[in-house]
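Q: Structure in structure tokens, see below.
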Amino acid sequence: MIFCVLIFLSSDNVAHAVTETATVASSAQLADLLENEQTRQQLIEQLRGQVAEEPVADSATETTEIDDSLPRRVADTTQLFLTKVLDDLGYTAETLGAMVRGEAVGNVTMAGWKTVLLRFSLVVFVTVIAFIFTRLVAARFFSRINQWTVQSPKVSKRQQHRVNELFLLRKMTAILGAFVIDVAAIALAAIVGYGVVMSLAGPGGVAGMFESLFVNAFVAVELTRALVRVVFATRFPRLRLFTMSDEVAQYWNKWLTVLVEVVGYGMLVIVPVATLMFGAALGNMIRLLIMFGVFIYAIRGIWKHRVEVHDRFMQRANQASVAFFGTLMRLFAKVWHFLAIIYFAVLLVVSQIDPVNALPFMAQATMQSILAIVIGLIVSTILTAILSRRVRLSDDLRAKLPLLEERINSYIPAMLKGLRLLTLAVVVLVILDAWRAFDLTAWLSSASGQATINMVVHIGIVLLIASISWSVIASIIEGRLSGTGEYEASAREKTLLSLLRNAVLIVIVTMTILVLLSQIGINIGPLLAGAGVVGLAIGFGAQKLVQDIITGIFIQLENGMNVNDVVEAGGVFGTVEKMTIRSVGIRTLDGGYHMIPFSSVDVVVNHMRDFSYHMGEYTIAHREDVDHAIQHLHHAFDELMQDEVLAPEILEEITIPGVTAINDKGVTIRVLIKTTPGMQWAVQRGYNRLVKKHFNAANIELPYPHTVVYFGQDKNGHAPAANVQWSSMDKPKQAPFRRGHAPAAGHTPGHLAPAVQGSTDVLGNELEQVVPDDEEQKDI
Numbered sequence: 001m002i003f004c005v006l007i008f009l010s011s012d013n014v015a016h017a018v019t020e021t022a023t024v025a026s027s028a029q030l031a032d033l034l035e036n037e038q039t040r041q042q043l044i045e046q047l048r049g050q051v052a053e054e055p056v057a058d059s060a061t062e063t064t065e066i067d068d069s070l071p072r073r074v075a076d077t078t079q080l081f082l083t084k085v086l087d088d089l090g091y092t093a094e095t096l097g098a099m100v101r102g103e104a105v106g107n108v109t110m111a112g113w114k115t116v117l118l119r120f121s122l123v124v125f126v127t128v129i130a131f132i133f134t135r136l137v138a139a140r141f142f143s144r145i146n147q148w149t150v151q152s153p154k155v156s157k158r159q160q161h162r163v164n165e166l167f168l169l170r171k172m173t174a175i176l177g178a179f180v181i182d183v184a185a186i187a188l189a190a191i192v193g194y195g196v197v198m199s200l201a202g203p204g205g206v207a208g209m210f211e212s213l214f215v216n217a218f219v220a221v222e223l224t225r226a227l228v229r230v231v232f233a234t235r236f237p238r239l240r241l242f243t244m245s246d247e248v249a250q251y252w253n254k255w256l257t258v259l260v261e262v263v264g265y266g267m268l269v270i271v272p273v274a275t276l277m278f279g280a281a282l283g284n285m286i287r288l289l290i291m292f293g294v295f296i297y298a299i300r301g302i303w304k305h306r307v308e309v310h311d312r313f314m315q316r317a318n319q320a321s322v323a324f325f326g327t328l329m330r331l332f333a334k335v336w337h338f339l340a341i342i343y344f345a346v347l348l349v350v351s352q353i354d355p356v357n358a359l360p361f362m363a364q365a366t367m368q369s370i371l372a373i374v375i376g377l378i379v380s381t382i383l384t385a386i387l388s389r390r391v392r393l394s395d396d397l398r399a400k401l402p403l404l405e406e407r408i409n410s411y412i413p414a415m416l417k418g419l420r421l422l423t424l425a426v427v428v429l430v431i432l433d434a435w436r437a438f439d440l441t442a443w444l445s446s447a448s449g450q451a452t453i454n455m456v457v458h459i460g461i462v463l464l465i466a467s468i469s470w471s472v473i474a475s476i477i478e479g480r481l482s483g484t485g486e487y488e489a490s491a492r493e494k495t496l497l498s499l500l501r502n503a504v505l506i507v508i509v510t511m512t513i514l515v516l517l518s519q520i521g522i523n524i525g526p527l528l529a530g531a532g533v534v535g536l537a538i539g540f541g542a543q544k545l546v547q548d549i550i551t552g553i554f555i556q557l558e559n560g561m562n563v564n565d566v567v568e569a570g571g572v573f574g575t576v577e578k579m580t581i582r583s584v585g586i587r588t589l590d591g592g593y594h595m596i597p598f599s600s601v602d603v604v605v606n607h608m609r610d611f612s613y614h615m616g617e618y619t620i621a622h623r624e625d626v627d628h629a630i631q632h633l634h635h636a637f638d639e640l641m642q643d644e645v646l647a648p649e650i651l652e653e654i655t656i657p658g659v660t661a662i663n664d665k666g667v668t669i670r671v672l673i674k675t676t677p678g679m680q681w682a683v684q685r686g687y688n689r690l691v692k693k694h695f696n697a698a699n700i701e702l703p704y705p706h707t708v709v710y711f712g713q714d715k716n717g718h719a720p721a722a723n724v725q726w727s728s729m730d731k732p733k734q735a736p737f738r739r740g741h742a743p744a745a746g747h748t749p750g751h752l753a754p755a756v757q758g759s760t761d762v763l764g765n766e767l768e769q770v771v772p773d774d775e776e777q778k779d780i
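Sequence positions in the sequence shown follow the UniProt record's numbering and run 1 to 780.
Dropping the structure here:
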């Protein structure tokens, strides 16, 4: 499968390799033919005759006749590869035989070999010694950086919760610094090696090819090993990119070092030297053996430790403090061995298909991928350390907008997640560019790339502006609603502010969505037109809904009712618990919650506006003196004004308009007591209790139902006397009373006693209502 994909993606390289092989195979015969004048002339005539005889084929026909299918290309490439291997085996056998016999191979004799190898060995020795020295010097810096990471960061008491983040930031800084020092040591050793090469060449001379190959290979190999040391760091555990034991780090460091050195020096030094000295066939065979051995070695190590590495990555993922890193580690733990096997399989195949560019391409792609991942991790860590800090506003701003700080801090996780996803996208694009699956440079310079970048930037700006706008407006509204500021909002203002907050949220969300759609290239003109048509259709089809909304708007503007008001609306009497732009929720005394659309509200009776009245009508018997009863009603009010709970809620003296009705039940007297809004029911209960007490003490009858008993009469109009009898023992005992003050039937007179101070027994939830005073109502 890998082989087929590589053939499909590198068809140009295959064609180039076929042409190159055909050219090499026929170069000797072509040279012999061209040396003879007669054969050269015959060859020219034959070529001209073939051109004249070949018909001009239609391009479409040629396209259809050429078999360019994937199976055909796989078969051609396989045949080419096997042919090359067989030819190289034959030529290698001849070369080895010539070397055994002491004959010259190519253009190099035995004496030339000695001179080249001597100079080559000198450059190798000097470069290695220089590198050892620079590494010893760099080790001192590594030791100090390793100790610096162990030191506890100095933080204030307010930053104690950020100690782990500061440790992580310090560790990443130390790893990056150690990598820079390691690269500097490699560069110094390479400079020394290049200096020796130039000195051997002499003034005006040309640097030796073999020596230059070694120095170049040294730089490539050691830079790759420096990246390996960033991950494992066997001598300095604090400078490891990931936490692992020393045994694990030493094993994988050694394993990767063997692979890097064998592939690097083998492909960049041994194969080119053998090709130049002994021919391309021997170089190809050495390349095949090196890469095949590396492939077997790598597959064996990967398959042997696949479970162990999987478990370690899963353990690390479970310990990750950031969920984003944990998810990536779990995903990588499941597929890491497949990715590694694919990587080495690609390396083996590409090294044989395109031997000239295979290793530089793989090295560049690998290094670019590793650097992209490392830099992405560092950037993500820095973002985590910076954005994990809690935003703290000034005391004055917190006093004015108490919820703004909390709201801003609630946006940080989403912002951090978005920046991590953006970082991951950039890393993925860089990796795809490294493996030639995506041309990042060309895309960035193209119109589509610039448009995409502008779109991402504009989307970020739009989201930032929308977030800031909503945070400020919502914080101002919620600050007024919470009453934490200097001015406490009234009930009406709270209701209007709640509706305003919902309206602002809808407007901001709608506008943000429309702008985002326009930024990603969607034409919102038809969308707006369609929304207008749909809105018009809804307006006609949902007239009840429109009526609800319009009526609700005018009720709010005219301050018809507010939350916590006791109202009668839509035939329901209760307390307003919730109001929206479309409906009102009323809780009745029995606990039922009624949701009433505003279109059903014809009349609103608000019992909580400005002031209230307790209007009581007290019926006394016909035999009672009205003025005497009114006097006792005043006495009951005087005692009510001594109540420490209810007296402050009474705004004026009692008003008794007089007798409002005379009927078969008795005489009705009306009483009016002006109270603060919502307290009329508590005053009613307290006053009724005192009226009953005073009427009992004054022996004023509250009439019972009367019944006329008719005993009948004879034809002469005489009625028999009622035969009422009782014994002396059953005769009821009556309390003595003054003349003219006989008690009513069934009425038990009582004694007037001072009332107990406090009337909490007559209170419901009146004092719990949020009622604006007169001044606030006037302001509204």
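Virtual Cβ for every residue (Gly too), placed ideally from N, Cα, C.
Where does residue 606 fall in DSSP's three states?
A: DSSP places residue 606 in strand when its eight states are reduced to three.
Q: Under a Cβ-count criterion, where at least 16 other Cβ atoms within 10 Å of its own Cβ denotes burial, should residue 655 be classed as buried or exposed?
A: Looking at its Cβ environment, which holds fewer than 16 other Cβ atoms inside 10 Å, residue 655 is exposed.
Q: According to DSSP, is residue 521 part of a helix, a strand, or is it coil?
A: Looking at residue 521 - three-state DSSP - the assignment turns out to be coil, as it is neither helix nor strand.
Q: Report the three-state DSSP secondary structure of residue 429 (helix, strand or coil).
A: Residue 429 falls in the helix class under three-state DSSP.
Q: Count the CB pairs spanning the segment 639–653 and the segment 583–596 that are closer than 8 angstroms, and state whether there are at least three.
A: At 8 angstroms Cβ cutoff, the stretches do not touch.
Q: Keeping to the same chain, check which residues put their C-beta closer than 6 angstroms to that of residue 752; ignore five residues upstream and five downstream.
A: Hits under 6 angstroms: 697.
Q: Measuring only the C-alpha atoms, how far is residue 789 from residue 400?
A: Past the edges of the chain, shown from 1 to 780, lies residue 789, and the structure says nothing about it.
Q: Do residue 611 and residue 548 have their CB atoms nearer than 7 angstroms?
A: No, Cβ-Cβ distance for residue 611 and residue 548 is not below 7 angstroms.
Q: Check this for me: beta carbons of residue 671 and residue 616, under 7 angstroms apart or not?
A: It is a contact, given that the beta carbons lie within the stated cut-off.
Q: Straight-line CA distance for residue 424 to residue 326?
A: Answer to the nearest angstrom: the Cα atoms are 14 angstroms apart.
Q: Based on Cα-Cα distance, which residue from 307, 316 and 443 lies nearest to residue 337?
A: The shortest C-alpha separation from residue 337 is found at 307.
Q: Determine the DSSP secondary structure at residue 645, reduced to helix, strand or coil.
A: Three-state DSSP puts residue 645 in coil, outside helix and strand.
Q: Please state the DSSP three-state secondary structure of residue 400.
A: Three-state result, residue 400: helix.
Q: Which residue wins for smallest C-alpha separation from residue 397, given the options 462, 476 and 415?
A: Nearest option by C-alpha distance: 476.
Q: Enumerated in chain order, which unbroken segments of the alpha helix (DSSP H) with a length of 4 residues or greater are wholly contained in the segment 312–399?
A: With a minimum length of 4 residues, the continuous alpha helix (DSSP H) runs that stay inside the segment 312–399 are 323–353 and 358–387.
Q: Between the beta-carbon of residue 667 and the beta-carbon of residue 620, is there less than 7 angstroms?
A: Yes; because the gap between Cβ atoms is below 7 angstroms, this pair is in contact.
Q: Look at the Cβ atom of residue 264, then the Cβ atom of residue 317, and state whether they are nearer than 7 angstroms.
A: Contact: no.
Q: Runs of 3 residues minimum, wholly inside the UniProt domain "Mechanosensitive ion channel MscS" (545–606): which ones carry the beta strand (DSSP E) assignment?
A: Taking only runs of at least 3 residues, the beta strand (DSSP E) segments lying wholly in the UniProt domain "Mechanosensitive ion channel MscS" (545–606) are 566–569, 572–579, 583–587, 593–597 and 604–606.
Q: Check whether the segment 238–249 and the segment 182–193 are in contact - that is, three or more C-beta pairs closer than 8 angstroms.
A: Not touching, per the Cβ criterion.
Q: How about residue 227 and residue 341: do their beta carbons lie closer than 7 angstroms?
A: No, the pair does not count as a contact, with Cβ atoms beyond the cut-off.
Q: Mind checking which residues open and close the beta strand (DSSP E) that includes residue 658?
A: That run of the beta strand (DSSP E) goes 655–662.
Q: Below 7 angstroms between beta carbons: does that hold for residue 608 and residue 678?
A: Yes, the Cβ-Cβ distance between residue 608 and residue 678 is below 7 angstroms.
Q: Taking its Cβ as the centre, do 16 or more other Cβ atoms sit within 10 Å of residue 268, making it buried, or is it exposed?
A: That one is buried.
Q: When you compare only the Cα positions, how much space is there between residue 117 and residue 143?
A: About 38 angstroms.
Q: Just to confirm my understanding: we take residue 499, look at its own chain, exclude 5 residues before and 5 after, and list those with CB closer than 8 angstroms. What are they?
A: Only 556, 579, 580 and 581 meet the Cβ criterion.
Q: Bridge partners for residue 268 per DSSP, in chain order?
A: Partner(s): none; residue 268 has no beta bridge.
Q: Considering only the alpha carbon of each residue, which of 627, 626 and 653 lies closest to residue 639?
A: Per the Cα distances, 653.
Q: Using CA atoms only, rank isn't needed, just tell me which of 201, 199 and 222 is closest to residue 190.
A: Among 201, 199 and 222, the Cα nearest to that of residue 190 is on 222.
Q: Check whether the Cβ atoms of residue 474 and residue 508 lie closer than 7 angstroms to each other.
A: Cβ distance not < 7 angstroms, so residue 474 and residue 508 don't count as in contact.
Q: Would the beta-carbon of residue 242 fall within 7 angstroms of that of residue 146?
A: Going by C-beta atoms, residue 242 is not nearer than 7 angstroms to residue 146.
Q: Residue 704: buried (16+ other C-beta within 10 angstroms of its C-beta) or exposed?
A: Answer is exposed; the Cβ neighbour count stays below 16.
Q: Quick one: give me the first and last residue of the alpha helix (DSSP H) that residue 668 is part of.
A: That residue, residue 668, is in no alpha helix (DSSP H); its beta strand (DSSP E) goes 667–675.
Q: Does residue 618 come out as helix, strand or coil in the three-state DSSP assignment?
A: Residue 618: strand per DSSP, three-state reduction.
Q: Determine the burial state of residue 636: buried for a count of at least 16 other Cβ atoms within 10 Å of its Cβ, exposed for fewer.
A: So residue 636 ends up on the buried side.
Q: Residues in the same chain with beta-carbon distance under 6 angstroms from residue 429, minus the five sequence neighbours each way, listed in chain order, please.
A: Result list for residue 429: 440, in chain order.
Q: Run through DSSP, which three-state label would residue 704 get?
A: Correct three-state label for residue 704: coil.
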